[in-house]
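Enquirer: FYI, in my numbering the residues of the sequence shown are 418 to 619. C-beta: ideal position from N, C-alpha, C; glycine also. Model, not experiment: these values are computed from the prediction.
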Amino acid sequence: MKTITSIAELRCLIAQPRRTGKRVGFVPTMGYLHEGHLSLVEASRARSNLTLVSIFVNPTQFGPNEDLDAYPRDFARDEHLCRDAGVDILFAPNAREVYPAGFETYVEPGDLTKPLCGAVRVGHFRGVATVVCKLFNVVQPDVAFFGQKDFQQCAVVRRMTTDLNLPIEIVQVPTVREPDGLAMSSRNRYLLGGGTPAGRRN
Ligand code: PAF
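#1: Report yes if the CB atom of F508 is closer than 9 Å to the CB atom of T422, and no otherwise.
#2: Would you give the residue range spanned by the alpha helix (DSSP H) that I424 belongs to?
#3: Report yes if the C-beta distance between L700 and I424 is below 9 Å; otherwise report no.
#4: Give the single residue among Y607, R490, V574 and P596 whose Cα lies nearest to the Cα of E586.
#5: So with Cβ pairs under 9 Å, would you call L581 a contact of chain B?
#6: Shorter than 8 Å, the distance from the beta carbon of Q569 to the closest heavy atom of the ligand PAF, or not?
#7: Please indicate yes or no: does the CB of T446 lie closer than 8 Å to some heavy atom of the ligand PAF?
#8: Classify N619: buried if its beta carbon has 16 or more other beta carbons within 10 angstroms, exposed otherwise.
#9: Kindly indicate which three-state DSSP category R500 falls into: helix, strand or coil?
#10: Between which two residues does the alpha helix (DSSP H) carrying G535 extend?
#11: For V504 and M418, which I take to be in contact (beta-carbon distance under 8 Å), what is that distance rounded to the nearest angstrom?
#12: Ordered along the chain, which non-local residues of its own chain (more than five positions away) have a Cβ less than 8 Å from that of N511?
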């Protein structure tokens, strides 16, 4: 597995497999990986020749009073999990790489963002659509994988992909749950008062 932090280097690395007709599968994440993420990797490995995972805690999808700073991070462990899961490329840019100085162009999703999560997290899906669109442009995958847990996000990404004519298949992967039925999420850590999130193997 190669770990890459720069867009230029990623573009270089991925050009060759693409030229030779390899099908590129993409799993965008914000890291602090759990079995739900690993099921996306598994789905990608089953449907593509090369699997790329991105880890980027995207500041534009967090509201001013949300948990951007507190969002759980453990890059060394994530890297290890990705390697074990058979990921080919791990893309982990920093915020300046994704949003250089002067950045001011956003993707504005429509009515799909009005109910549910979008009603209380104003601007959240604008940030999600923007970063997913940027990552799609950088990676240019054939197929991308999203967890069904974030159902509204899946709908927004699918709509954006259609509306912007992006030639990418969007696959929604079933939710992975804890034995008690709770959907796995990096934020489950908060339920444990900041300890190790459920489902993580330490
Ligand atoms: O679902 C997530 O982890 C994020 O919203 C995503 C799709 C990686 C965009 O930052």
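Expert: In terms of the structure at hand:
#1: yes
#2: I424 to R436
#3: This structure does not reach residue 700, given that the chain is present from 418 up to 619, and the question cannot be answered.
#4: V574
#5: Within the model displayed, chain B is absent; a lone protein chain is all it includes.
#6: no
#7: yes
#8: Any reading at N619 needs caution, since the residue's pLDDT is 29, under 50, leaving its predicted position unreliable; the model's value is listed next. With fewer than 16 other Cβ atoms within 10 Å, it is exposed.
#9: helix
#10: L533 to V537
#11: 5 Å
#12: T422
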